[in-house]
Amino acid sequence: SQLGTYVERADNTARILDVKYYVLLPSISWVGSTLDNYQWESILRSVSAHRSYRWVYDADYKPTNIADYLILNVRMPRSLMFCYRFLSEHLKFLGDDYGERHACHATAEKTQTMLRAGSIKGIFDAGLHEFLANFIRDNTKLGEEIAQDYRFN
Numbered sequence: 047s048q049l050g051t052y053v054e055r056a057d058n059t060a061r062i063l064d065v066k067y068y069v070l071l072p073s074i075s076w077v078g079s080t081l082d083n084y085q086w087e088s089i090l091r092s093v094s095a096h097r098s099y100r101w102v103y104d105a106d107y108k109p110t111n112i113a114d115y116l117i118l119n120v121r122m123p124r125s126l127m128f129c130y131r132f133l134s135e136h137l138k139f140l141g142d143d144y145g146e147r148h149a150c151h152a153t154a155e156k157t158q159t160m161l162r163a164g165s166i167k168g169i170f171d172a173g174l175h176e177f178l179a180n181f182i183r184d185n186t187k188l189g190e191e192i193a194q195d196y197r198f199n
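Just so we're aligned, residue 47 is where the sequence shown starts under the working numbering, counting upward by one.
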């Protein structure tokens with residue numbers, strides 16, 4: 047199984063988004079500037095999503111669209127939603143094979159449900175940094191639970 051790959055992929059995507067949003071801009075006055083827009087576009091390039099993003103959004107490089115693509119788009123292989131759909135499905139297969147469920151199953155399902163119910167407007171309204179910090183914490187917890195539940199440690 048590739049559980050570790052998808053836990054790490056989700057972690058990397060969330061951290062890249064968080065660094066952009068929380069660290070790279072020197073002040074709030076730079077939001078919407080050429081520098082800001084260039085940094086958002088660079089994020090797409092860093093996760094090999096520039097071309098596929100243009101197919102979905104016609105090269106409209108808005109921060110909300112880019113965040114939506116990398117967080118909630120179920121067809122983007124590096125998105126948080128894609129990773130958690132994979133993780134939930136494969137943990138279910140493991141649970142069925144072993145005949146029991148563990149804490150990692152509930153954590154993955156809870157995170158996937160949260161992503162499914164979310165909207166990018168709601169995420170930005172509540173705070174992208176806060177959302178990503180919580181996601182990273184929960185994703186780390188999932189990785190630790192998988193290791194403990196399936197004795198990978």
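The beta-carbon is built from N, C-alpha and C at its ideal position, and this holds for glycine as well.
Same chain, Cβ closer than 8 Å to residue i, neighbours up to 5 away in sequence not counted
| i | result |
| --- | --- |
| ALA179 | ASP64 |
| LYS138 | HIS151 |
| ASP143 | none |
Contact under 8 Å by Cβ, residue i with residue j
| i | j | result |
| --- | --- | --- |
| THR31 | LEU126 | Residue coverage of the chain in this structure runs from 47 to 199, which leaves residue 31 outside it and unanswerable. |
| TYR67 | LEU174 | yes |
| ARG183 | CYS129 | no |
| ILE166 | THR110 | yes |
| LEU49 | ILE192 | yes |
| GLY83 | TYR107 | Checking the displayed sequence, the identity of residue 83 turns out to be Asn instead of Gly. Yes. |
| TYR52 | LEU133 | yes |
| ALA163 | MET122 | no |
6 Å CB neighbourhood of residue i in its chain, flanking five on each side removed
| i | result |
| --- | --- |
| HIS148 | ASP195 |
| TRP101 | none |
| GLY145 | none |
| ASP57 | ASN185 |
Supposed close pair residue i, residue j - CB separation, criterion 8 Å
| i | j | result |
| --- | --- | --- |
| LEU116 | ALA154 | That pair is no contact at about 19 Å. |
| LEU161 | LEU118 | 6 Å |
Residues near residue i by beta carbon distance below 7 Å, same chain, minus five either side
| i | result |
| --- | --- |
| ARG131 | VAL120 and GLN158 |
| PHE177 | ILE169 |
| ARG124 | ARG55, THR59, VAL93, ALA95 and LEU116 |
Quick one: which unbroken alpha helix (DSSP H) runs of 4-plus residues sit fully inside the stretch 131-165? Chain order, please. 149-163
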